[in-house]
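Comments concern the structure below.
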Amino acid sequence: MNARVAANAGVGTNAGDSAIDVLLRVADLQVEFGARAVLRDVTFDLYAGETLGLVGESGSGKSTLARAILRLIRSSKGSVVWRGRDLLACEPAALRPLRRDLQIVFQDPLASLNPRMTVGETIAEPLRIFESALNAQARRDRVGGMLERVGLAADMIGRYPHEFSGGQCQRIGIARAMILGPKLLICDEPVSSLDVSIQGQIVNLLLDLQRDVGTAMLFISHNLAVIRHVSHRILVMYSGRLVEIAARDALFEMPAHPYTRALLAAVPAAPGAAEPIAGPLLRAEPAASPAGADFGCAFRDRCAYAVGICGTTLPPLEEVAAGHWVACHRSREFTASPPPPKD
Amino acid sequence: MAPILSIDDLTVSFSQPDRSISAVRQVSLAVAARECVAVVGESGSGKTQIFMAAMGLLEGNATAQGSVRFEGSEILGAQAPQLNRIRGSKLTMVFQDPMTSLTPHLKIGIQLAEVLVCHTGRSWSEARIAARRMLERVRVPDPARRLNQYPHELSGGLRQRVTIGMSLLCEPLLVIADEPTTALDVTVQAQIIDLLRAMREEVGMALVLISHDLGVVAGLADRILVMYAGRIVESADSAELFRDPRHPYTGALLKCIPTLSGPSLARLPTLPGQPPQPEDSLDGCAFAPRCPRAAERCRTERPLLREAGNAGDRGSNGIESGSSAIENGGARRVACHFPLSP
Amino acid sequence: MSGLLDDAVRRLRSNPGAMWAMFVVAGLVALALFGPWFNPNGSETLDWLHVASRPALQSAHWFGTDRLGRDLFARTLEGTRVSLAVGVVASAVSLAVGIGYGAVAGYVGGRTDHVMMRVIEILSGLPLIFFVIFLTVVFGRSEYLLFLAIGAVGWLTMARIVRGQTLSIRRREFIEAAVASGAGTARIIVKHVIPNVIGPVVVYATLTVPQIIMFESFLSFLGLGIQEPHASLGTLIAEGAGEMEAAPWILLVPGGFLAVLLLALNIFGDGLRDALDVKER
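Chains as they are written, first to last, in numbering that gives the first Met the number 0: chain D, 0 to 342; chain E, 0 to 341; chain L, 0 to 280.
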């Protein structure tokens with residue numbers, strides 16, 4: 000991937016750090032559930048301080064990717080190199096100290112908290128594991144400080160998760176993830192289950208924390224508008240594969256993959272908002288279980304632009320412009336000007 | 000023209016061992032024939048419970064007071080036999096999650112045909128033919144094969160098409176769609192909204208669309224009711240609501256929706272605090288704690304839903320207007336002491 | 000936790016059957032513990048003047064005496080004490096062992112789980128009575144044998160239940176969050192798994208007490224457990240069975256106590272399960 004493009008996309012400016020290093024290098028990652036490959040040939044870089052958006056719908060494998068990176072599920076192939084060390088290859092004992100810098104916020108705020116532990120205990124757990132030298136008072140102070148930092152009152156430290164609303168639970172999850180100041184925060188659909196009026200609060204909180212701590216983020220969502228607000232660069236996934244990688248503006252101004260175009264066209268716009276990019280809607284429904292298309296493009300059944308080669312040869316991820324990668328046989332036509340649809 | 004569905008002063012409460020919780024408070028609304036009304040609100044607003052009460056689907060510990068009239072006759076509290084004549088045939092419902100609203104162990108064909116057999120007295124073979132025709136109408140590809148499949152063999156979008164088809168089988172007068180696209184992917188969502196639009200034109204039924212997503216209802220609704228904490232706080236024609244929201248909550252909600260245009264990496268506009276849950280007790284206006292325009296009056300005196308005239312008209316006759324919405328051709332209503340000015 | 004507990008207590012209070020059962024059990028326990036103070040007769044005193052006498056409130060022996068002239072009331076109370084003790088202690092032990100075993104098997108999974116489950120299956124397959132008889136033949140009759148036999152078996156179902164519960168929460172997000180936070184396996188099992196599976200397990204433990212009492216009574220009835228002069232409800236019933244025609248009260252008194260005790264424990268256990276069966280919001 001292209002560090003210069005990352006710099007152009009604004010990466011590093013948030014953290015005030017001019018050196019762009021690759022924090023995470025994922026290569027050829029593959030995850031199988033039984034005989035089915037739910038994640039395939041996933042290769043990308045993530046730079047220090049940037050927010051990498053990951054957008055895809057159900058069945059795209061985006062949540063699987065998050066868990067595979069953190070080795071919460073087993074991958075069958077590939078490598079995840081974190082600051083020079085392959086997380087997938089190292090011993091579990093060697094992996095644990097690295098977890099300090101790799102944290103995650105989950106989609107369902109209440110489910111990600113242990114119902115039998117107070118929120119104070121939950122937030123303190125990373126401290127107990129990695130800073131066991133702290134005494135109880137110091138720990139309590141740190142936890143209280145973190146609670147306030149995420150917008151809750153420090154005296155809520157003794158309450159249980161079920162006493163809080165969804166948005167508050169998500170703040171608690173964020174407090175737990177950020178208390179050690181991790182270098183990478185993976186957010187797996189952090190606002191999807193929250194009310195619209197709360198989503199902005201949580202997104203703003205994440206942006207603030209990122210700015211203060213300099214954390215890089217992998218922000219996963221199916222909501223393009225939210226992704227647009229937080230990301231420097233964006234990955235688009237479909238059916239277990241990466242289909243497009245681009246800097247944010249490039250993706251929204253000139254989406255090169257037909258699936259990205261369809262996603263943008265599908266975002267319902269309130270009247271009065273700017274017109275979404277026009278494009279043909281999809282042709283058919285996806286199959287109930289997207290079959291791992293071993294040959295040919297998995298999107299061809301729904302693609303309005305599909306031609307013969309799409310059914311026989313898997314389109315490789317190619318760079319069509321600086322830092323802009325697309326996996327589509329006809330992408331060069333699209334980046335020139337949108338072709339008329341086939342039918 | 001008399002409204003198909005007319006709800007007056009509906010209050011739905013849930014009794015718990017130590018207290019009673021009101022999810023819906025004194026809601027009045029009306030739906031005319033062929034009209035599409037959207038009821039929009041966040042969690043705790045009570046939007047779903049209104050129609051669960053109308054359909055007689057409330058949970059055991061819930062009590063509903065007020066009046067719900069369908070085609071002129073009272074159905075709130077009606078006995079099951081009377082309700083079953085209209086439920087599923089004239090008054091139908093589409094639920095949020097098609098995975099749980101379709102019976103997992105019965106084939107699609109049987110579930111569809113069952114509706115016709117029960118309500119119209121057709122034979123099973125006739126019903127199957129009608130079911131296949133309905134699948135064609137809702138654009139399910141390869142309908143004959145699908146009839147013999149189980150729900151889990153279909154994708155989410157297809158399942159939702161099936162449930163929509165099921166709701167239209169007996170040519171209903173009113174279909175209530177409870178968050179029909181929330182559980183679906185964005186690309187499929189667009190197709191389902193298109194389908195609902197097409198079905199409205201073909202079948203001509205009235206449609207109630209319950210949603211938390213203003214963007215989804217924009218393309219479909221004629222009229223939008225905004226709910227907060229169990230009450231209607233604003234009611235307006237769809238285009239007017241987006242162009243010119245009067246209630247501060249509506250205005251803030253519209254601003255909160257992240258869009259594909261505008262500056263990014265800036266802070267998203269938000270509403271502080273969170274929506275009140277039904278168990279919270281409320282004095283004055285429920286929105287006051289979060290409202291940037293709140294004054295002392297807002298905290299003590301609950302604003303009534305009344306017509307919003309032009310700027311400067313603070314309409315203080317204080318009479319709640321309910322189903323007279325129809326007669327006034329969808330007049331603007333706001334429940335606010337200090338509504339936004341146009 | 001406080002909120003959930005209050006909820007459960009409230010639900011329990013509104014269940015009249017369970018509350019009655021609880022009072023009955025409490026009453027029997029109190030009687031068993033403190034009854035002897037109100038009874039001038041010792042359980043081992045032989046009253047030759049009143050051998051096999053009928054129960055009568057005016058007499059010195061309210062519930063009558065047995066074939067050797069021992070006061071039946073005192074004997075029954077002692078039997079109740081012993082049965083309760085065995086039931087509670089054995090339940091507690093099987094709870095402790097079963098929880099640890101089941102949580103580890105369920106969480107660690109893989110080959111460890113496989114091996115651990117095979118062990119359970121083998122032990123479950125043991126014909127229990129033969130096992131006890133075998134032990135009796137080898138080691139002679141002793142009360143410790145009783146505990147051993149019950150202990151060998153009591154934890155098996157508990158372990159299975161805990162393992163099942165563990166499997167169902169293993170994939171929950173807060174467990175993933177704990178792993179992602181760097182928690183080790185031991186910490187996760189102790190702090191995250193066990194506190195969350197304990198609910199149904201405690202209820203099951205409550206229902207295990209009557210089961211164990213029944214089992215012990217059965218073994219003692221067969222002569223394999225508690226020895227003379229100690230009594231358990233089982234041995235008393237065995238004695239009584241022999242005197243059924245001539246002195247039925249010798250059977251009916253301990254039998255009645257056992258029946259009431261088991262019934263009350265079962266009803267209370269059911270009520271407890273209903274009260275604790277909260278869908279965690």
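All C-beta atoms, glycine included, are put in the ideal place defined by N, C-alpha and C.
Practice item. Compare the C-beta of E56 of chain D with all C-beta atoms of chain E and state if any pair is closer than 8 Å. Key: yes
Check your understanding: In the structure shown, what three-state DSSP assignment does L275 of chain L receive?
Key -> helix
Check your understanding: When the Cα of G32 of chain L is compared with those of L:S82, L:D6, L:I149, L:L48, which residue comes out closest?
Key -> Correcting the residue identity first, residue 32 of chain L is Leu in this sequence and not Gly. Taking the Cα of L32 of chain L as reference, the smallest distance to any Cα among L:S82, L:D6, L:I149, L:L48 is reached at L:S82.
Check your understanding: Terminal residues of the continuous beta strand (DSSP E) containing S19 of chain E?
Key -> Note, S19 of chain E: beta strand (DSSP E), 19–30.
Practice item. Answer with yes or no whether the minimum CB distance from I197 of chain D to chain E is below 8 Å. Key: yes
Exercise for review: Let me know if P228 of chain L comes out buried or exposed under the rule of 16 or more other beta-carbons within 10 Å of its beta-carbon.
Suggested key: exposed
Review point. First and last residue of the beta strand (DSSP E) that includes L51 of chain D?
Key: 50–54
**Study point:** Cβ of E41 of chain E within 8 Å of any chain D Cβ
**Key:** E41 of chain E has a beta carbon lying within less than 8 Å of a beta carbon in chain D.
Exercise for review: Report all residues from its chain with a CB closer than 6 Å to the CB of S330 of chain D; omit the five preceding and five following residues, and keep chain order.
Suggested key: A255, V319
**Study point:** Buried versus exposed, by CB contacts within 10 Å (16 or more), G255 of chain L
**Key:** Per the 10 Å Cβ criterion, exposed.
Practice item. Check whether the Cβ atoms of C335 of chain E and L206 of chain E lie closer than 8 Å to each other. Key: no
Check your understanding: Do L45 of chain L and L67 of chain L have their C-beta atoms within less than 8 Å of each other?
Key -> yes
Practice item. Take every Cβ of the region 228–239 of chain D, pair it with every Cβ of the region 190–197 of chain D, and state whether three or more of those distances are shorter than 8 Å. Key: no
Review point. Would A310 of chain E be called buried (16 or more neighbouring beta carbons within 10 Å of its own) or exposed?
Key: Any reading at A310 of chain E must be qualified, since the residue scores a pLDDT of 39, below 50, and its modelled position is unreliable; the value itself is stated next. Result: exposed.
**Study point:** Strand pairing of W81 of chain D, partner residues [DSSP]
**Key:** D:L23, D:R84
**Study point:** C-alpha distance - A36 of chain D paired with I212 of chain L, whole-angstrom precision
**Key:** C-alpha separation (whole angstroms): 53 Å.
Review point. Which two residues bound the contiguous alpha helix (DSSP H) that contains A255 of chain D?
Key: Here A255 of chain D belongs to no alpha helix (DSSP H), and DSSP marks it neither H nor E.
Practice item. Note down the Cα distance separating R138 of chain E from I223 of chain E, rounded to an integer number of angstroms. Key: 28 Å
Review point. With respect to the alpha helix (DSSP H) encompassing W61 of chain L, which residues constitute its N-terminal and C-terminal limits?
Key: Annotation for W61 of chain L: no alpha helix (DSSP H) segment contains it, and DSSP assigns it neither H nor E.
**Study point:** Integer-rounded CB distance, given that H323 of chain D should sit under 8 Å from A249 of chain D
**Key:** Confirmed, Cβ separation roughly 5 Å.
**Study point:** Short Cβ contact (8 Å threshold) for C255 of chain E with S196 of chain D
**Key:** A contact, by the Cβ cut-off of 8 Å.
Point to revise | Min CB distance L267 of chain E to chain D below 8 Å | key: yes
**Study point:** Within chain D, the residues that C255 of chain E reaches when beta carbons sit closer than 8 Å
**Key:** Under the 8 Å cutoff, chain D gives V195, S196, Q198, G199.
Point to revise | V87 of chain L vs V208 of chain L beta-carbon contact at 8 Å | key: yes
Point to revise | Burial state of F173 of chain L (16 or more Cβ within 10 Å) | key: buried
Check your understanding: What is the residue span of the alpha helix (DSSP H) that R139 of chain D lies within?
Key -> 135–148
Practice item. Below 7 Å between beta carbons is the criterion; list the residues of the region 107–135 of chain D that meet it against any residue of chain E, in chain order. Key: From the region 107–135 of chain D, no residue has a Cβ closer than 7 Å to chain E.
Check your understanding: So what does DSSP say about E188 of chain D, is it helix, strand or coil?
Key -> coil
Exercise for review: Could you give the DSSP three-state label for F267 of chain L: helix, strand or coil?
Suggested key: In the structure shown, F267 of chain L sits in a helix (DSSP, three-state: H, G or I).
Review point. For the region 154–220 of chain D, which segments carrying the alpha helix (DSSP H) assignment without a break, of at least 4 residues, lie completely within its bounds, in sequence order?
Key: 165–177, 195–212
Check your understanding: So is I276 of chain D in contact with chain L if we call contact Cβ pairs under 8 Å?
Key -> The predicted position of I276 of chain D is uncertain, since its pLDDT is 43 and thus under 50; no value can be drawn from it.
Point to revise | 8 Å Cβ shell around E239 of chain E - same chain, five flanking residues per side excluded | key: R331
Review point. Nearest chain L C-beta to G291 of chain D closer than 8 Å, yes or no?
Key: Low confidence applies here, because G291 of chain D scores a pLDDT of 48, under 50, leaving its location unreliable and the question unanswered by this model.
Review point. Listing by chain order, which chain E residues have their CB less than 9 Å from the CB of H221 of chain D?
Key: D184, V185
Check your understanding: What residues match up with F32 of chain D in a beta bridge as DSSP calls it?
Key -> D:R35
Point to revise | Neighbourhood of W154 of chain L by C-beta distance below 6 Å, restricted to the same chain and skipping five residues each side | key: S93, V96, G97
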